[in-house]
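In full-length UniProt numbering, the protein residues as written are 1 to 465.
Working notes, beginning with the structure itself.
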């Protein structure tokens, strides 16, 4: 049984059918006759059997919260309501609940389906035959997670959609077999796992299968092959696991908000243009993680937001550092004395840069501003940073620290607005409160203390694949 999802996006021009299929198969053979070729043959036959199950007429798709069932391998045969094989598979096929959500946000709609198999068919059945053997066998059992996405026009019929999805499942089984056999060692079988990546145009959405348990650092050769295949630059980790596409119906398990700024409207400036952070980050602020840092931890939280960006873009695999780990790193590099550990002392942009270098191997540029009024003239430099690096910026001045996620700047008039993520927020992870109350919002030049001294830490992207 598996979970199938339909994600409608691109202004409802396309439908994305997303499936997760968990199948169990057992492969057994004589231990005494075991060798690598026998193992390869058994696994290949197992994948062939799985492919037969996917193409069998007994395969059934069930629309969740609806009495609709589809037989994709019977010409799109369907039952329930007015569903027919030739009907376009659009949002009208979804439940009323889904339709209400689509009216509120017409570019995003989720349709969940469950994959099932008919276990009985019409006909005369005979009693099963049981055979008992005394020979020794080697048993290999695993769970294979299939996860397919196909893009089709919303006007396509149900039968075409089903046929496309079944074809994608069969194709993915072939990719999984190659990965499983390539990384097999003796009797150990690494589970092949599919990941979806939304690559820059014109490539778009692709699926890549990686072996479970093998870290990204050991898959560089494979990524280089894929970068060459898709004509991607070799200085950004587009295809690391952390960059896999996150679907709207899949909640983040850590509880942090991601990219609250995408829900804001850009400021209207004459001949102005927004320059924004690239990729995904987590919003870190006061009082999270059961740490009471209200009044002293704003720079720590800004640093955590920056670290989350590098983690979620696949540059590093380590978790976002805690306050204690940040302090320990500063002691290790000689920036602070041992008494700093466990204290509530503030840190600034220079310390943030030191921690990024020590824990993540990330270098930073420091921008010095003698007084806040000068920040209004830094539009070009900030815009260039978000164009080339795209990382969040930590800014510290006076007794406050903030995170800059972008600027709206007019090269002609010099007008500028700053997209600020405020770490001083102490409430719950309520997106509406955070955006409505300006904890994440666009600010004018008057936001800064006009007479205070500011340092900005501009993290640089590592050049890596």
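Beta carbons: idealized from backbone N, C-alpha and C, even for Gly.
Assuming residue i contacts residue j (C-beta within less than 8 Å), just tell me the rounded distance between them.
i, j, result
"residue 40", "residue 181", "6 Å"
"residue 379", "residue 414", "7 Å"
"residue 394", "residue 306", "6 Å"
"residue 474", "residue 311", "Only positions 1 to 465 of the chain appear in this structure, which leaves residue 474 out of reach."
"residue 438", "residue 274", "In fact, because the Cβ distance is near 17 Å, the residues do not count as touching under 8 Å."
"residue 355", "residue 329", "5 Å"
"residue 269", "residue 410", "5 Å"
"residue 179", "residue 211", "5 Å"
"residue 260", "residue 434", "5 Å"
"residue 452", "residue 397", "4 Å"
"residue 293", "residue 286", "6 Å"
"residue 370", "residue 457", "Rounded, the Cβ-Cβ distance is 17 Å, inconsistent with contact."
"residue 114", "residue 64", "6 Å"
"residue 230", "residue 198", "In fact, because the Cβ distance is near 12 Å, the residues do not count as touching under 8 Å."
"residue 158", "residue 78", "6 Å"
Is it right to say residue i is buried, meaning 16 or more other beta carbons lie within 10 angstroms of its own, or is it exposed?
i, result
"residue 125", "exposed"
"residue 336", "buried"
"residue 45", "exposed"
"residue 368", "exposed"
"residue 217", "exposed"
"residue 202", "exposed"
"residue 344", "exposed"
"residue 318", "exposed"
"residue 422", "buried"
"residue 326", "buried"
"residue 470", "No answer is possible for residue 470: the residues shown for the chain start at 1 and end at 465."
"residue 252", "exposed"
"residue 186", "exposed"
"residue 341", "exposed"
"residue 301", "buried"
"residue 127", "exposed"
"residue 263", "exposed"
"residue 441", "buried"
"residue 360", "buried"
"residue 147", "buried"
"residue 37", "exposed"
"residue 532", "Residue 532 lies beyond the residue range present for the chain, which begins at 1 and ends at 465; the question has no answer from this structure."
"residue 364", "buried"
"residue 412", "exposed"
"residue 56", "exposed"
"residue 391", "buried"
"residue 233", "exposed"
"residue 193", "buried"
"residue 173", "buried"
"residue 416", "buried"
"residue 141", "exposed"
"residue 473", "It is not possible to answer for residue 473, since the shown part of the chain is limited to 1 through 465."
"residue 366", "exposed"
"residue 132", "exposed"
How is the alpha helix (DSSP H) around residue i delimited, first residue to last?
i, result
"residue 176", "158 to 182"
"residue 456", "From DSSP, residue 456 is part of no alpha helix (DSSP H) but of the beta strand (DSSP E) over 454 to 459."
"residue 355", "349 to 355"
"residue 436", "431 to 436"
List the residues that DSSP assigns as beta-bridge partners of residue i.
i, result
"residue 51", "BP columns for residue 51 are empty, so no partner."
"residue 275", "407"
"residue 230", "Looking at the DSSP assignment, residue 230 forms no beta bridge with any residue, so it has no partner."
"residue 189", "Beta-bridge pairing links residue 189 to no other residue."
"residue 418", "407, 443"
"residue 196", "207"
"residue 78", "70"
"residue 258", "282"
Provide the residue span of the beta strand (DSSP E) that contains residue i, from first to last.
i, result
"residue 207", "204 to 211"
"residue 244", "First-last for residue 244: undefined, no H or E at that position."
"residue 60", "59 to 63"
Taking 7 Å as the cut-off, is the C-beta of residue i nearer than that to any heavy atom in the ligand ADP?
i, result
"residue 42", "Looking at this structure, you won't find the ligand ADP or any other ligand, since it has none at all."
Threshold first: 3 residues or longer. Then list the beta strand (DSSP E) segments lying entirely within the region 116 to 159, N to C. For the region 116 to 159, the continuous beta strand (DSSP E) assignments of 3+ residues that do not extend past its boundaries occur at 137 to 153, in sequence order.
Residue ranges of each beta strand (DSSP E) within the region 269 to 341, 3 or longer: For the region 269 to 341, whole beta strand (DSSP E) runs of length 3 or above, ordered along the chain, are 272 to 276.
For the region 364 to 414, list the alpha helix (DSSP H) runs that are entirely contained and at least 4 residues long, ordered along the chain. Correct list: 379 to 388.
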